[in-house]
Structure formats: structure tokens, C-alpha cells
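Q: Quick note, the sequence shown lines up with residues 1 to 247 if you use the working numbering.
Cβ atoms here follow ideal geometry from the backbone N, Cα and C, with glycine treated the same way.
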Amino acid sequence: MTPAAYSNDSDRRISSHFTAADTQDRPAAMSLIHALVARGTAVLAEHATGTAELKPAAQITILSKIPPNNSKLTYVWQDRLIHYVSSDGVVYLVMADDSVGRRMPFAFLAEVERKFTSMFSPDVVVSAGGHSLEDFEPELARLMHQYTTAPPADPLKQARTDLDNVKDIMVQNIDSILQRGERLDLLVDKTDTLAGQAYAFRRGARSVRRQQWWKNTKITVLTGVVGVLILYLFIAQFCGASLTHCR
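(1) Got a sec, what are the start and stop residues for the alpha helix (DSSP H) residue 124 sits in?
(2) Taking the alpha carbon of residue 137 as the reference point, which residue from 76, 85 and 112 has its own alpha carbon closest?
(3) Do three or more CB pairs link the region 100-111 to the region 51-66 at distances below 8 Å?
(4) Which residue's Cα is closest to the Cα of residue 50: 34, 124, 142 and 218?
(5) What are the partner residues of residue 139, as DSSP defines its beta bridges?
(6) Nearest to residue 109 by alpha carbon, out of 77, 150, 144 and 89?
(7) With distances taken from CA atoms, which of 119, 127, 123 and 211 is nearest residue 135?
(8) Below 8 Å on the Cβ atoms is my guess for residue 37 versus residue 48; work out the distance and round it to an integer in Å.
(9) Would the beta-carbon of residue 91 fall within 9 Å of that of residue 39?
(10) Any idea which residues DSSP pairs residue 47 with across the strands?
(11) Does DSSP put residue 97 in a helix, in a strand, or in coil?
(12) Tell me, which residues are paired with residue 87 by DSSP?
(13) Buried or exposed: residue 59, going by 16 or more other Cβ atoms within 10 Å of its Cβ?
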């Protein structure tokens with residue numbers, strides 16, 4: 001099975017690519033497959049439905065590429081979508097079937113964030129290590145079951161509004177990246193690259209303008225010198241080389 005996916009340890013570069021072993025087969029009826037809450041690359045709490053799961057290596061690969069700023073993003077991997085919300089240094093992530101779209105998973109993540117922040121203070125979260133907040137896992141399981149079987153209407157309506165208004169929720173197919181032999185790079189990394197290219201282009205454009213100005217100036221000066229020389233030669237025919245005969 002060929003992988004595909006989306007792009008807090010942003011300096012790390014994970015060279016391993018997704019393989020078929022990165023996730024396990026899941027029942028066809030499942031829509032929300034694996035949910036987790038993380039800080040950086042440390043998973044604080046997680047829950048997977050049945051035998052389906054996002055393997056630890058894949059978790060690290062994805063989490064290490066998520067920028068520290070608040071953002072929402074969706075990765076594509078075959079028939080699965082990996083959605084995340086990054087808020088105040090905490091990442092709320094869920095892997096789901098692509099058949100459920102994005103509205104329901106983001107409504108689920110919004111509810112997970114509300115429940116998580118109500119249960120744990122920022123001080124607790126900052127000092128928490130890997131799987132140290134497992135008390136939240138039963139709540140994750142309950143919410144996954146609720147949103148898979150009978151998602152509430154109001155959160156879904158709010159999620160639709162959020163998806164309509166928020167411009168930074170994007171979808172990227174990782175197959176195109178892996179086929180070119182590249183590592184998984186966040187869209188923000190590519191945006192930074194494009195910004196650098198734009199800056200270089202502006203500098204190059206200014207340099208071209210300066211060069212063109214100097215070129216035009218040289219042509220103008222040269223034209224003036226040639227004009228004066230031609231005028232001198234014309235007058236010199238009648239007045240002599242020293243122009244003394246015209247006095």
C-alpha cells in the first residue's frame with residue numbers, strides 16, 4: 001500500500017516514509033479511527049478504535065512537522081484523512097475515513113480541545129510527558145464513539161462555519177512528495193521557501209532595474225558625446241580643427 005499524508009520539534013527532519021505497517025487494517029464501518037492529543041512529539045493521550053491505529057513512527061513523523069503556531073490542516077493518506085488542530089502548543093489529531101469529509105472530524109477535534117482544556121490546566125500540560133495524561137483517554141473513546149455514531153448537530157454546524165471562514169485549513173496529498181523522493185515537509189516550510197524566493201526575486205528585480213538604468217544612462221551619455229563629436233567635425237570643415245577660422 002503506497003502512502004499519502006499531510007505536513008513540536010520543527011527542526012527535526014524525519015527521513016522515514018509511511019509504509020503499509022504504519023497503520024493497521026480497520027473495520028470498513030469505522031469513520032474516526034485514531035485520535036490523540038500531543039505536545040510537540042510527545043503523545044499525552046490517545047485512543048484507537050479496535051485494531052486500527054496510527055503507528056508510533058508515523059505519529060512522530062506527522063507531529064514533528066506541525067508548526068508551533070495555531071493552525072488547522074488535513075493530510076491525505078490513501079482513503080484516510082489525518083486532521084489536526086494546533087492550539088497553544090497542543091495538537092489535537094484524528095485519523096478518519098475520507099468518506100466522512102472534514103466537517104465532522106474538525107467538530108470532533110473542537111470538542112476534544114474543549115474537554116481537554118477543561119480537565120487539565122496549562123501548567124499541567126506543559127509539564128506532562130508522553131502518555132502521562134491517560135486519564136483523558138476514556139473521554140477520547142467516548143467522543144469518538146459519539147461522533148462516529150450520532151454526532152451532535154450544533155458542533156457540526158459550527159464546524160461548517162469554521163471551515164468556510166478559516167482559510168488555512170488545507171489538504172495536501174503526500175504521494176506527489178514521496179514519489180519525488182522528498183522528505184515530508186510542512187506546507188509552512190514550503191511557504192517559507194516561497195517567501196524567500198519572492199524576496200530574492202524582488203532583490204533581483206531591483207538589481208535588473210539598476211542595471212537597466214545604468215545602461216540607459218551610458219547610452220544617453222554616449223549618444224551625447226557622439227552628437228557633439230559629429231557637430232565638431234561638421235563645424236571643423238569650415239572653421240578648421242581649432243575652429244579659429246570662424247572667428
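A: The answer reads as follows:
(1) 122-127
(2) 112
(3) no
(4) 34
(5) DSSP, once it has assigned bridges, lists no residue as partnering residue 139.
(6) 144
(7) 119
(8) Between residue 48 and residue 37 the Cβ distance is about 13 Å, and since that is not below 8 Å, they are no contact.
(9) yes
(10) 35
(11) strand
(12) 90
(13) buried
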